[in-house]
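Residue numbers (this note's numbering): 7 to 255.
The structure appears below as structure tokens.
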């Protein structure tokens, strides 16, 4: 990769109007760092950043970092960010570039496994959530040199063969008395459709307790679930219901 240049970063931002850092931090350790920031801007996405030559090479990943071996995701190469941006969390004011909320989703160190002549990178991440090997490929999707691919590498045969876990919704049981003592939580009994929502790379799929596909039936809910989450991958157990003006199902 070419040497880092923060001119474009500074051109897009006004230090008098945003609390984003402007490049005062220096390298802090022997191992290069990475950070993934959840950026709830006009469109929710995740910013994938690698320390390179005193700055952060950066990609915007609309559907989140792929977590399963063999998965890939679009990663849009954006301007380099200053190294101290790795610690930035907060609100970018309305009207400023990237307006919205920034949160650190994961961070840690990485090892550069391979760097290709075309700029492609293979890195071994060591974070709290991300622990494994990923490859960044300058794929030039749709003819745009900014459109890269981020791929999760297959670690070993055992990981490749790992089956997808099946989930069943928690079901209520009829009792004569409310249980007492520590360790009990209680929820409202809603009348609706009990469903499992499996969210993968910020895309939700809904199934009933019998395993029937509910995704198209509740397409508006499917679209809203990823927006309410702070992770692109999870499994939710919930009740799909409609409420009247008094909040009753």
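Quick reminder that beta carbons are idealized off the backbone N, C-alpha and C, glycines included.
How close, in whole Å, do the beta carbons of residue i and residue j come, if the pair is a contact with beta carbons under 8 Å?
i: residue 159; j: residue 141; result: 6 Å
i: residue 136; j: residue 145; result: So it is not a contact: roughly 21 Å between Cβ atoms.
i: residue 80; j: residue 153; result: 6 Å
i: residue 207; j: residue 238; result: 5 Å
i: residue 211; j: residue 226; result: Not really, about 14 Å apart at Cβ, beyond 8 Å.
I need the straight-line Cα distance from residue i to residue j, nearest angstrom please.
i: residue 100; j: residue 218; result: 42 Å
i: residue 82; j: residue 111; result: 18 Å
i: residue 209; j: residue 51; result: 12 Å
i: residue 148; j: residue 243; result: 38 Å
i: residue 106; j: residue 187; result: 43 Å
i: residue 23; j: residue 102; result: 8 Å
i: residue 95; j: residue 228; result: 28 Å
i: residue 39; j: residue 77; result: 23 Å
i: residue 122; j: residue 17; result: 30 Å
i: residue 69; j: residue 47; result: 13 Å
i: residue 191; j: residue 184; result: 11 Å
i: residue 249; j: residue 182; result: 28 Å
i: residue 240; j: residue 98; result: 27 Å
i: residue 49; j: residue 231; result: 14 Å
i: residue 246; j: residue 72; result: 28 Å
In the DSSP assignment, the beta strand (DSSP E) including residue i goes from what residue to what residue?
i: residue 229; result: Not the beta strand (DSSP E): residue 229 falls in the alpha helix (DSSP H), residues 225-230.
i: residue 257; result: The question about residue 257 has no answer, for the chain in this structure spans 7 to 255.
i: residue 97; result: 96-98
Just list the residues that DSSP pairs residue i with in beta bridges.
i: residue 240; result: 205
i: residue 136; result: DSSP, once it has assigned bridges, lists no residue as partnering residue 136.
i: residue 141; result: 128, 157
i: residue 88; result: 61
i: residue 213; result: 202, 219
i: residue 184; result: In the DSSP output, where bridge partners are listed per residue, residue 184 has none listed.
So residue i is in the alpha helix (DSSP H); what residue range does that whole segment cover?
i: residue 121; result: Segment 106-121 is the beta strand (DSSP E) holding residue 121; no alpha helix (DSSP H) there.
i: residue 15; result: 13-17
Is the region 34-54 in contact with the region 170-177, if contact means three or more CB pairs nearer than 8 Å?
no
Any contact of the region 14-28 with the region 43-54, i.e. 3+ C-beta pairs under 8 Å?
no
Does the contact criterion of 3 or more C-beta pairs under 8 Å hold for the region 10-18 versus the region 56-63?
yes
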